[in-house]
Structure formats: C-alpha cells, structure tokens
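*Asks:* Let me give you the structure first, and then I'll get to my questions.
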Amino acid sequence: MSMQRLRDWPLTERRRLKVILTDIDDTLTTAGKLSAATLQVLDRAKQAGWLRIAVTGRPTFWTLPLLRLCNFDAVIAENGASAFWLDEAGKQQAMFYAEAELRQQHRQQLEQFAVILQARFPEVKVASDAPQRIGDLAFDIGEEITPLPLARTAEIADFIREHGLYATTSSIHAHASVMHFSKQTMTQKLLAEVFDIADHHARECCVFVGDSPNDASMFAHYPWSVGVANVKKYLDRFDAHPLYVTEQACGAGFVELINFLLDEEND
C-alpha cells in the first residue's frame, strides 16, 4: 500500500488521537539539531493535552535532558532497551529490558563483537555515544562520517545477525544487541503500566512518526503512522511502511504533522 498525503487523512480519524510517539534523529531533528519551531509544536501539543513520548535509538543517558529540557512525558531509548519518565513528584523513574548484571554480561559480549566487526568493516567505528548505552552497541554509519551507501549498511546489519546478534539500523547508526527488544514492545509496556493505556486503546489514540528501518516495528503496530519525507529513501529496506507521509523532511516534517493534526480546519 502506497503512503498517503496528510491532507487525505479524515478529520474523524484524527480527532481520536491524543498521544504523539516520535523518533528523534532525522524526524524531530534536522542535521542533528532541534529547531525552535520543533520545540514550539511540542509545547503546542502539550497545551492541547496530548501525551508526548520520544521513542529513539539514542542512548539511555540521553533521556534526562530530553525529559527535562524538551519536557517529554516519557522517553524510550536504545530502540526499546530502556524507558524513563517523571513521577508526580518530578522524580525520574525507569524500566529496563533486563537486570543490571545481565546487561553487563551483554555489554561485554558486544564489546568483544565490536573488534570482529571492525576487522571486517574497517571504516566503521563504534558510535561516540557508546559509553552512554546500557542495552545495545551502536556503530556509526552516518553521524560523524559521510553516510555509508545503503548496500554497505545492509551488509553490516547482515554481518551482525550472522554472529547471532540482533540488528537494526537508523539513518545514522547500526545497532547490535544480544537480546531482542524493540521500540514497539517497550512502548506498549510503558503505555500500559505507566499511563494506563491498554494496547487496544493505544492503537486508536496514538500516532507514531519516524523515518528509518528501526521504526518498522512502530509503523507495523500502530495504525496511525506517519513518515517524514526522508523516509522515502529507506522504504526498500523494510516492509512496514507508514500510512501517511509529510511533504517536508526531518524536523520540518514533524512541525508540518503536528500543526496539521492540531488545526481542525485541515479537512
């Protein structure tokens, strides 16, 4: 099924939405930066009573700035390895894919694997945010280097899987993990256990916006899904495509989406 334009989205369906789930890199940001316009529409969504949850491949220890500075209601990190939110007293709470001892064992396995991967792909370095991670290990495929060709990125992901690990890719990183977790499974758990939104209800009131293959589990699970325009270059790398697509790319596409959803005259 081809992606549809936002203007083709019926108002009766959009009125059901109350939760925005969003990727970060190249969805909320542009060239790694958050614009004033993006922060303004996040605040606009808050003022409208929407729940705003970041669902990112970025590391666990990025979550506090996102919670405090961007004022998200919750942040899911490392493609589902961890989730954080603030309780009513403003104290940070968390959940993880596994207990600390097991996570440490996994980290040792991943660091051993990194030596093997770099011997096969010498141009690929461990991502600079690796020390801030607790569940996966990310390899730089386009953040601080010239983006690798998509075919080369696919080879790297295949290599990770051939060594018995789980792999996913974003626009900037290839991720390896020992255990399987995903943006979708942690989102479902967080919504149910923290915000009392059962999955059948979440599928009616949540919209997810993303841009790359590590968003596929979210595109597949949530009926109301949107890709910012730059998702188009990755569509041949995953099957679960978003239902709608913005005209603008990256952060401008996110701004376009939120303004469209909150302006009911768009009918």
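Residue numbers for the sequence shown follow my numbering, beginning at -9 and rising by one. Built from N, CA and C at the ideal position, the CB exists for glycine as well.
Quick one: what's got a C-beta closer than 6 Å to Thr19's C-beta in the same chain, skipping five residues either side?
*Replies:* Here the set comprises Gly241.
*Asks:* With H, G and I counted as helix, E and B as strand and the rest as coil, what does DSSP make of Arg110?
*Replies:* Of the three classes helix, strand and coil, the one that applies to Arg110 here is helix, per DSSP.
*Asks:* Using a 10 Å radius around the Cβ and a threshold of 16 neighbouring Cβ atoms, would you call Pro137 buried or exposed?
*Replies:* Exposed, because fewer than 16 other Cβ atoms sit within 10 Å of the Cβ of Pro137.
*Asks:* With DSSP collapsed to three states, give me the class of His163.
*Replies:* DSSP places His163 in strand when its eight states are reduced to three.
*Asks:* Out of Lys223, Leu41, Gln37 and Leu24, which has the shortest C-alpha to C-alpha gap to Val184?
*Replies:* Out of Lys223, Leu41, Gln37 and Leu24, Leu41 has the C-alpha closest to the C-alpha of Val184.
*Asks:* Excluding sequence positions up to five away, which residues of its chain have a Cβ less than 8 Å from the Cβ of Gln(-6)?
*Replies:* Closer than 8 Å at the Cβ level, and outside the excluded window around Gln(-6), lie Leu233, Tyr234 and Val235.
*Asks:* Might you give, ordered along the chain, the residues of its own chain that have their beta carbon closer than 6 Å to the beta carbon of Val267, omitting 5 neighbours on each side?
*Replies:* Residue 267 lies beyond the residue range present for the chain, which begins at -9 and ends at 257; the question has no answer from this structure.
*Asks:* Compute the Euclidean distance between the alpha carbons of Leu100 and Val218, then round it to the nearest angstrom.
*Replies:* About 32 Å.
*Asks:* Start and end of the beta strand (DSSP E) containing Ala64?
*Replies:* Its beta strand (DSSP E) spans residues Ala64 to Ala67.
*Asks:* As a quick exercise: from Arg(-3), Asp(-2) and Arg6, pick the residue whose alpha carbon is nearest that of Ala192.
*Replies:* Checking every option, the nearest Cα to that of Ala192 belongs to Arg6.
*Asks:* When the Cα atoms are used, what is the spatial distance from His190 to Phe51?
*Replies:* Going from the Cα of His190 to the Cα of Phe51 covers about 31 Å.
*Asks:* Measuring straight from C-alpha to C-alpha, what distance separates Asn61 and Leu(-4)?
*Replies:* Between Asn61 and Leu(-4), the C-alpha separation is close to 26 Å.
*Asks:* Would you say Asp13 and Asp186 are within 9 Å of each other, going by their C-beta atoms?
*Replies:* In this structure, Asp186 does not lie closer than 9 Å to Asp13 by Cβ.
*Asks:* In terms of residue numbering, what span does the alpha helix (DSSP H) encompassing Ala250 cover?
*Replies:* Per the sequence shown, residue 250 should be read as Phe rather than Ala. Looking at the DSSP string, the run of the alpha helix (DSSP H) that includes Phe250 is Cys240 to Leu252.
*Asks:* Going by DSSP in three states, Ser(-8) sits in which element: helix, strand or coil?
*Replies:* Note: Ser(-8) maps to coil in three-state DSSP.
*Asks:* Where does Ser215 sit, in a helix, a strand or coil, going by DSSP?
*Replies:* Residue state, collapsed to three classes: strand.
*Asks:* Assuming contact is defined by CB atoms lying nearer than 9 Å, are Met169 and His96 in contact in what I supplied?
*Replies:* Yes, these two residues count as a Cβ contact at 9 Å.
*Asks:* Leaving out the 5 sequence neighbours to the left and right, which residues in its chain are closer than 8 Å to Gly39 when beta-carbon positions are compared?
*Replies:* For Gly39, where only same-chain residues beyond five positions count, the Cβ hits under 8 Å are Lys8.
*Asks:* Report the residue from Leu252, Trp214 and Ala210 whose alpha carbon sits nearest the alpha carbon of Asp229.
*Replies:* Closest by alpha carbon: Ala210.
*Asks:* Could you pull out every residue in the same chain whose Cβ sits closer than 7 Å to the Cβ of Trp(-1), ignoring the five residues on either side in sequence?
*Replies:* Tyr234, listed in sequence order.
*Asks:* So, at 7 Å on beta carbons, what are the nonlocal neighbours of Phe103 in its own chain, with the 5 sequence-adjacent residues on each side left out?
*Replies:* Contacts found: His153, Leu155 and Ala166.
*Asks:* Output the distance between the C-alpha atoms of Asn69 and Glu254, rounded to the nearest integer angstrom.
*Replies:* Their backbone Cα atoms lie some 32 Å apart in a straight line.
*Asks:* Hey, would you say Leu247 sits closer than 9 Å to Ala64, going by beta carbons?
*Replies:* No, Cβ-Cβ distance for Leu247 and Ala64 is not below 9 Å.
*Asks:* For Ala79, which three-state DSSP category applies?
*Replies:* Reduced to three states, the DSSP call for Ala79 is coil.
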